[in-house]
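Using my numbering, read the sequence shown as starting at 1 and increasing by one per residue. Taking it in order: structure first as structure tokens, then the write-up.
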Amino acid sequence: MAFEDINQRSDILKEYKLNLIPRDTQGNTGLGNKVFYDFLREKQVRLILGPSRSNVAESAGATAKYYNMIQVSPSAASGELSNKDVFPYFFRTVPALSAANRTFITIAQTFGWTRVAILYQSRELFISAATSLRQECNKNKIQVISYGSFLSDPKSQIKHLKDIDARIIFGFFSKSTKTMCEIYKQKMHGRKYVWVINTPDKYGWWKRSLPGVNCTPEEVNEGAKGILSVNYMWLSSSHKRTEAGMTPDGFHSKFAERAKLLNINDTDYRGFAYDAAWLVALALNRTAQDLGPNNYLDTRPFGNKHFSNLLKDNLLLTEFQGVTSYVKLNDKGDRSGVFEISQLKGSKFEAICSHDVRESFLTPYPGAGFQWEEGRPPVDRQSERKQLNTISMTVFVFMCSMACLGICLAFMFLCFNIRNRNRRLIKMSSPNLNNVIILGCILSYVSVILFALDGGYLTADLCKARAATLCVGFTFVFGSLFSKTWRVHKITRIISAKKKVIKDLHLFGVIGVLIVIDMIILLNWNFLDPFQKKMKYLSTFNDHDDDNIRHVPYMYMCEVNNIEIWLGLLYSYKGILLLFGLFLAWETRNVKIPALNDSHHIGMAVYNVVIVCVVGTPVVTFVQDKQFEASFIVTAICILFSTTSTLCIVFVPKIAALRKCSRHDDYRVRTSTFSSMETHGSINWDTNSCSCYHNNTSNKEEELQRLKDMLNRLQQEKQKMLQNGGSYSTQL
């Protein structure tokens, strides 16, 4: 039909007539090679219009360059044919499959998609197109999160796409029905997903079932619903007259009549074939003009390189309005072309818009539009909403309030201790050590407030302050309790020949040693591996109302590079101290020395601190990375409980006893001092006590009996030592 129209024109090749010698390769590479060699042997052709299939075109084209044979194909779309090093004489009027990549990119840019996946079938035709699309995406700053292929079964690839939450998928495959079935099975369709595909399978693949496809036609259709298809613009939508003198609609009508008359099947590539014939004719016409008079086209030697190169140049220079849109080849012999975007609505594809790959926008058709389930295009990913994970205001206020109340309580006990430091009841309990306990408790309360300051308030200095206040505060409190317990244990277990008084100064020395150890660890920690403020992401979760939103909680943490080493040092040192303190408390559990009137309470305080540390430390370590607020709550409760209970255990009995005695003057009871001799020194055991005057006679009798029992025990001990040859000293 094209050659008839061309041969009727007097302004094109007026001295020539184009003859078409048809041969059918049946899409077979071997048969295509035979036909090609037949043409070469007969030496009757100057140019090959074809082949139509990419596999045949590649096979014949690789040989054609050695014979300087021009090929112009109307339908071979493989991207490999664009390689001019391999196919220097190959041209085509159908756009290369990779030419559609510009349309894919424009679609993504139109809807604001910057995160896509590419899925293609492992065929050479699709491999080159997918590779080119990936490169185009990278150039246009579109992230390709997956680039996968399948040979025959797309199941594993689709599962992978679902696992990585791919929502916009670009596809190149011919097994469309099987792919849509798998999409349906894995629920990769619907409001969250958009499949944009380019497939040569055009006839009802979305509503059929094939052998090996375990889906009904309805399920295949459901999986494909809403899909976007990018295809060639088979005929131009323009109403302009073409080089042939007819409009695209006129060509369509004329071809339909001819096909009906000749009883041949219609083909989508009819327009490209018609334009290919006109491209050849116009290029030959230019070549004839370039050769000049008396240099006829049909007299050129077969395979003449000069002629082939001249015709090649004219093919690249020729441009005209064709029935498939404007025809102009690039330097690779490819045509840019126009593509049409259709969407499957229900069970029918509706053409929505077109795209000229030379443009950066889509051209919508009147009355047509994209249809989305939510009324708007799906997003290419869950939008991440970062949220700083901080302690809730309720918890913050409550814990800080408790800490402040604890500090106030500590100052009340401090005032009480200072005010009554000269009264025997307080003086005999070492008020200076009690002050150290209070100071340690205040530091512990302050550490709770410092731990509550998180998020934007957190700094490296705050991290240091947290560690220092809690560490030193613990040492002040437990060190004082430990030293007091140690004195009680020493008094009740060591009896020597020399008098040796265990003064408060000795106990302060014990505390000082512990503080020095703390300082050594903390200073080395600070200089060798300082604290840093670091952001840490927590487990993400989807929004309850909109699954397109994913919340990404994060928090700021105090971190060091070798936290295990430093915590190991502190935990080991403090753990040994706790174990030793626990041992001393157990050893002195039944001791009641009036002169050291709070010895039993000290033991209770030691038990309290040990239990809280043993229970609280593992819990905090386990939950701190998973439940930030829970970790803080546990930490704060442990500190508040152990600190407050220690204060109350140490000071409340003193306040109660002092109130009991406040109605009467302090009176001095009989005191006895026992000094015993051992081989390694002496110790003074002062058993002074304070009691109140009671009207109740029975209480007086009980007190008198207790003192008598104590005197008897001392006398018995004295007799034993005399029998052993020892010496003693007694003070009453």
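Here a beta-carbon is modelled for each residue, glycine too, at the ideal position from N, C-alpha and C.
Chain-order list of residues whose beta-carbon lies under 6 Å from that of Pro377 (same chain, five-residue window excluded): Phe111
Asp38 versus Ser54: straight-line alpha-carbon distance, rounded: 20 Å
Pair within 8 Å by beta-carbon distance, Ser52 and Ala76: yes
For Gly148 and Ile549, the rounded distance between their alpha carbons: 26 Å
Which listed residue (Cys415, Cys648, Cys638 and Val327) has its alpha carbon closest to that of Phe451: Cys638
Assigned secondary structure, Asp153 (DSSP; H/G/I helix, E/B strand, else coil): coil
Given 8 Å, three or more beta-carbon pairs between the stretch 392-404 and the stretch 349-368: no
Continuous beta strand (DSSP E) stretch holding Asn198: start and end: Val194 to Asn198
Whole-angstrom distance between Met69 and Gln26, CA atom to CA atom: 21 Å
Minimum C-alpha distance to Cys137 - residue among Ala117, Ile227 and Ile127: Ala117
Uninterrupted alpha helix (DSSP H) stretches inside the stretch 214-262 (no shorter than 4 residues): 217-224 and 248-262
Residue burial classification, Ala733 (beta-carbon count within 10 angstroms, cutoff 16): With the chain running from 1 to 732 in the structure shown, residue 733 is simply not present.
For Ala368, three-class secondary structure by DSSP: coil
Local conformation of Asn542 per DSSP, three classes: strand
Backbone CA spacing between Glu15 and Ala99 [nearest angstrom]: 37 Å
Per DSSP, the bridge partner or partners of Lys533: Cys558
Where Ala117 sits in the DSSP three-state scheme: strand
The beta strand (DSSP E) enclosing Ser73, as first and last residue numbers: Ile70 to Ser73
Contact check, Ile183 vs Leu119, beta carbons under 8 Å: no
Residues near Gly32 in its chain [Cβ-Cβ closer than 7 Å; skip 5 each side]: Thr25, Pro51, Val56, Ser59 and Ala60
Whole-angstrom distance between Val379 and Phe90, CA atom to CA atom: 41 Å
Beta carbon of Phe307 nearer than 8 Å to that of Tyr232: no
In DSSP terms, what Asp356 is bridged to: Val338
Pair within 8 Å by beta-carbon distance, Val477 and Thr646: yes
Closest Cα partner of Ser73 within the set Asp334, Arg385, Met246 and Gly575: Asp334
DSSP bridge partner residues for Arg385 (one or two, in chain order): His551
Buried or exposed (CB count within 10 angstroms, at least 16 for buried), Ser152: exposed
Opening and closing residue of the alpha helix (DSSP H) in which Arg102 lies: Asn101 to Phe111
Boundaries (first-last residue) of the beta strand (DSSP E) holding Gly322: Glu319 to Gly322
Reference Asp545; option with closest CA among Gln382, Asn420 and Thr242: Gln382
Simplified DSSP state of Ile361, which is helix, strand or coil: Here residue 361 turns out to be Phe, not Ile, going by the sequence shown. In this structure, Phe361 counts as coil in the three-state DSSP scheme.
Rounded straight-line distance, which links the Cα of Phe3 to that of Glu42: 22 Å
According to DSSP, residues forming a beta bridge with Tyr326: Gln321
C-alpha distance - Cys690 paired with Leu425, whole-angstrom precision: Reliability fails at Cys690, whose pLDDT of 40 lies under 50, so the model's placement of it is uncertain and the value that follows must be treated cautiously. Approximately 6 Å between the Cα atoms of the pair.
Cβ-based neighbour list, Asn712, same chain, cut-off 7 Å, excluding 5 preceding and 5 following: none
Beta-carbon spacing of Glu433, Asp504 below 8 Å: Just to set this straight, residue 433 is Leu in the shown sequence, not Glu. Their beta carbons are under 8 Å apart, which means Leu433 touches Asp504 by this criterion.
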